[in-house]
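Chains A and B, in that order, are what the protein sequence lines are.
Residues 1 to 376 (UniProt numbering) make up the first sequence, in order.
Residues 1 to 376 (UniProt numbering) make up the second sequence, in order.
We put the beta carbon where it would ideally sit given N, CA and C, even for glycine.
Input: a single structure, listed below in structure tokens.
Protein chains: 2
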Amino acid sequence: MAQTIGVIGGGQLARMMVPPAIELGLEIKVLGETEGSSARPAVTQVGDYRDREAVLEFAKTVDVITFDHEHVPTDILNKLIAAGHAVHPGPGALRFAQDKLDMRRRLTELGAPIPEWTSAASVEDIDAFIREHGGEAVVKTPRGGYDGKGVRVVREGAEAADWFTDFPELLVEEKVPFTRELAQLIARRPSGASAQWTLAETVQVRGVCAEVIAPAPGASAETIDRAAEIAHLIAEGLEVTGVLAVEMFETADGRLLVNELAMRPHNSGHWTQEGALTSQFEQHLRAVLDLPLGDPSMVAPHAVMVNILGGPQGEDITARFPEAMREQPAVKIHTYGKSARPGRKVGHVNAIGQELESTVVAARAAAAIFESEALA
Amino acid sequence: MAQTIGVIGGGQLARMMVPPAIELGLEIKVLGETEGSSARPAVTQVGDYRDREAVLEFAKTVDVITFDHEHVPTDILNKLIAAGHAVHPGPGALRFAQDKLDMRRRLTELGAPIPEWTSAASVEDIDAFIREHGGEAVVKTPRGGYDGKGVRVVREGAEAADWFTDFPELLVEEKVPFTRELAQLIARRPSGASAQWTLAETVQVRGVCAEVIAPAPGASAETIDRAAEIAHLIAEGLEVTGVLAVEMFETADGRLLVNELAMRPHNSGHWTQEGALTSQFEQHLRAVLDLPLGDPSMVAPHAVMVNILGGPQGEDITARFPEAMREQPAVKIHTYGKSARPGRKVGHVNAIGQELESTVVAARAAAAIFESEALA
Chain A
1 MAQTIGVIGG GQLARMMVPP AIELGLEIKV LGETEGSSAR PAVTQVGDYR
51 DREAVLEFAK TVDVITFDHE HVPTDILNKL IAAGHAVHPG PGALRFAQDK
101 LDMRRRLTEL GAPIPEWTSA ASVEDIDAFI REHGGEAVVK TPRGGYDGKG
151 VRVVREGAEA ADWFTDFPEL LVEEKVPFTR ELAQLIARRP SGASAQWTLA
201 ETVQVRGVCA EVIAPAPGAS AETIDRAAEI AHLIAEGLEV TGVLAVEMFE
251 TADGRLLVNE LAMRPHNSGH WTQEGALTSQ FEQHLRAVLD LPLGDPSMVA
301 PHAVMVNILG GPQGEDITAR FPEAMREQPA VKIHTYGKSA RPGRKVGHVN
351 AIGQELESTV VAARAAAAIF ESEALA
Chain B
1 MAQTIGVIGG GQLARMMVPP AIELGLEIKV LGETEGSSAR PAVTQVGDYR
51 DREAVLEFAK TVDVITFDHE HVPTDILNKL IAAGHAVHPG PGALRFAQDK
101 LDMRRRLTEL GAPIPEWTSA ASVEDIDAFI REHGGEAVVK TPRGGYDGKG
151 VRVVREGAEA ADWFTDFPEL LVEEKVPFTR ELAQLIARRP SGASAQWTLA
201 ETVQVRGVCA EVIAPAPGAS AETIDRAAEI AHLIAEGLEV TGVLAVEMFE
251 TADGRLLVNE LAMRPHNSGH WTQEGALTSQ FEQHLRAVLD LPLGDPSMVA
301 PHAVMVNILG GPQGEDITAR FPEAMREQPA VKIHTYGKSA RPGRKVGHVN
351 AIGQELESTV VAARAAAAIF ESEALA
């Protein structure tokens, strides 16, 4: 033990790994993109995650490598492995988070339930898929998408024609008539043991996660079991190490279809910071160190997370602390040390409670204070 | 807002302020005694808290000064105030935490219930007090004591004669026939608002806090109200800002007598990290920034903290993580990045639960794993 954890990427996910590392008494270092990155309390090196030399230099200062994001190129990951570094999740798993087409192929092999899909090499391929699937489809770039970017709902292939400039193939999926979205979080150790949190409902606004409610209200025992089975199947099948978020659609007839995967702590699990005995951030550290996993049980009947999107424009977000703390003393405020701008995730609030309605109301009210018009 | 908090002293209390600062999105800096101090994740300057120039230099880099301990000399605190720095708690309050005789005089003026006491300028003064108080007394050095140091139970003044070399006066107190010890934690803002956590029972072993149970088992409503009144009286009377811990004796006839005060987060409040909606560390930050205080309610019916005293000798404490995490997955482990040695506080564990007995058992079992004999 006494291993130093190294996180590649200096975003808020890396930042939120720092508190549990300090509480456990572990050393954590971050390779951040800039001096002022969100994870700056633990940034020990500034550099580009696509710069092989920078990443290899960073790796020498730590015992195990993990990630704030899935974008580190596979050849660099393989170099790390070849140089003897422990990397979790490893490149064999991460490639499926990096490439949506590879992921669909692998999930199909595993028998995981996913929307109907095809890979399209041309506008005509997209049009053919649309004709077979009710007049519209979702087109996604295989790589580089996040928070609604790289995703379009189209009625004809021409609407995605520009993307063929950068990608030889695009992913085309049926537009699933879902009733809501769910997220199942699981953590898995290299030695195979895993632990899952409560199934949560996620609410997306314009492709960005806005709100998460745990447990997912009204979920049937069958849905809960099925979601856990799917997450376990994928974590095992892809040999994921660390936290895996499985985002799913729930349909009117009660089916679950896997939408996206994230192989790291994920926005859909921020509620675990105050809502679970073991947060996703602590669990991720335990998992990548191959330590026994913590109890993921909830500490209260309900937990609600609401993102702070945008924040008070032109103002330091902490300027809203007096009002938010006075109005909602039981809500926990998390901000990321990032400057506010439209649509940017700059923080979130968590509320826990005995009763769903009041918990939702408190969390939304607190978040709204951070998003209201600039103070006079 | 966007104020930077500066903490003087690099011990575990400063360390444990860092996670809530990062989570809130606040900047925190620590003036640590050494490069390797417990609070090293936030140490920005290494220096001695008794070095006026070092402290004043540090103060220029932050917006509000607070403390890991109460030992910064009053003349340095007054210099900080004179130079326009915000200092919480201020020297007017801290002097009562620094000098036990000053504190007894002030608590007597306030009418707070305390053990019978006197200031002794000679061995004869101690003997006179002992004759009037049942044949024994507790002698304490006015300054510099902690964790049982600077405290002796004596049957004659000669047993404390050596202390008169360093101190012109000693504090002499009746040896209270207490049935148990309690701790009431309160946080107070400069603007006067305060919030109190649940009354807790503390268990001391050889003068060192070993275990804390919240709420204090079997405490009557009268005791709970009285403890809160006393803490409020003292926080107001001494104009404390930040967290104040009031350690009390409970007697067989149900009286509460104030034993010691700490004007900072305190070992008796570590349970709040997982056991309360707002931990003492977050609340201290809010209080010293004069932000609205968080809800101090418990998140579960019972919370138990057990200190890790000593730790596995000659071994990194994290070497015990695999066993402790496997055996007690619901217990939260906190270690301080300090090397293990006999009697030293090197960490603690927190457990929360619906039922007292199993919560105590889990916390004790986890702590015991860190204190058992060296691994083969």
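A Cβ-Cβ distance of about 20 Å is found for the pair M248(A) and G275(A), leaving them out of contact under the 8 Å criterion.
At least one beta carbon of chain B lies nearer than 9 Å to the beta carbon of F321(A).
Contact annotation: P142(B) and D99(B) have beta-carbon atoms nearer than 9 Å. Counted as a single uninterrupted DSSP element, the alpha helix (DSSP H) harbouring M16(A) occupies residues 12-24. Taking a beta-carbon distance threshold of 9 Å, M325(B) counts as an interface residue toward chain A. By the Cβ test, the stretch 226-235 of chain B is in contact with the stretch 196-205 of chain B, since at least three Cβ pairs between them sit closer than 8 Å. Neighbours of E23(B) in chain A, taken as residues whose beta carbon is under 7 Å from its own, are P19, H334 in chain order. Along the stretch 244-332 of chain B, the beta strand (DSSP E) occurs as fully enclosed runs of 3 or more residues at 256-262, 302-309, listed in sequence order. Per DSSP, E124(B) is one residue of the alpha helix (DSSP H) stretching across 123-132. Annotation for L170(B): the continuous beta strand (DSSP E) segment containing it runs 170-173. Per DSSP, reduced to three states, the secondary structure at E371(A) is helical.
Look at W163(A) here: in three-state DSSP terms it is helix.
In terms of Cβ geometry, A366(B) and V331(B) form a close pair [threshold 9 Å]. A160(A) is the residue among P190(A), R226(A), A160(A) whose C-alpha sits nearest the C-alpha of K149(A). With a threshold of 9 Å between beta carbons, A42(B) makes contact with chain A. Each residue's CA atom was taken as its position, placing A112(A) and F96(A) some 14 Å apart. DSSP places G90(B) outside both helix and strand once states are collapsed to three, so it counts as coil. A216(A) sits in coil when the DSSP states are folded into three classes, being neither helix nor strand. With a threshold of 16 other beta carbon atoms within 10 Å, S279(B) meets it and is buried. DSSP places A221(B) within a helical segment (H, G or I) once states are collapsed to three. A residue is called buried when at least 16 other Cβ atoms come within 10 angstroms of its Cβ; G254(B) does not meet this threshold and is exposed.
For Q3(B), the closest Cβ of chain A is nearer than 9 Å. Around V288(B), no beta-carbon contact reaches into chain A at under 8 Å, the shortest distance being about 13 Å. Listed along the chain, the chain A residues whose CB falls inside 8 Å of the CB of R364(B) amount to none; the nearest CB is some 17 Å away.
Scanning chain B for C-beta atoms nearer than 9 Å to the C-beta of P312(A) yields nothing, as the closest lies near 11 Å away. Contiguous beta strand (DSSP E) elements confined to the stretch 23-100 of chain B occur at 27-32, 43-46, 64-67, taking only those with 3 or more residues. Residues of the stretch 188-199 of chain B whose Cβ lies closer than 9 Å to any Cβ of chain A, in chain order: A195. Annotated three-state conformation of L185(B) is strand, per DSSP. Around the beta carbon of V18(B), a 10 Å sphere encloses 16 or more other beta carbons of the protein chains shown; the residue is thus reported as buried.
Neighbours of G337(B) in chain A, taken as residues whose beta carbon is under 7 Å from its own, are G25 in chain order.
For G6(A), the enclosing beta strand (DSSP E) stretches over residues 4-8. Where R152(A) is concerned, the enclosing beta strand (DSSP E) starts and stops at 151-154. Residue contact with chain B for L291(A): present (Cβ-Cβ distance below 9 Å to some residue of chain B). Rounded to the nearest whole angstrom, the C-alpha separation of A42(A) and R326(A) is 30 Å. With a 10 Å radius around the Cβ and a threshold of 16 neighbouring Cβ atoms, G242(B) comes out buried. Between the stretch 60-76 of chain A and the stretch 76-95 of chain B, the count of C-beta pairs closer than 8 Å stays below three; the two stretches do not touch.
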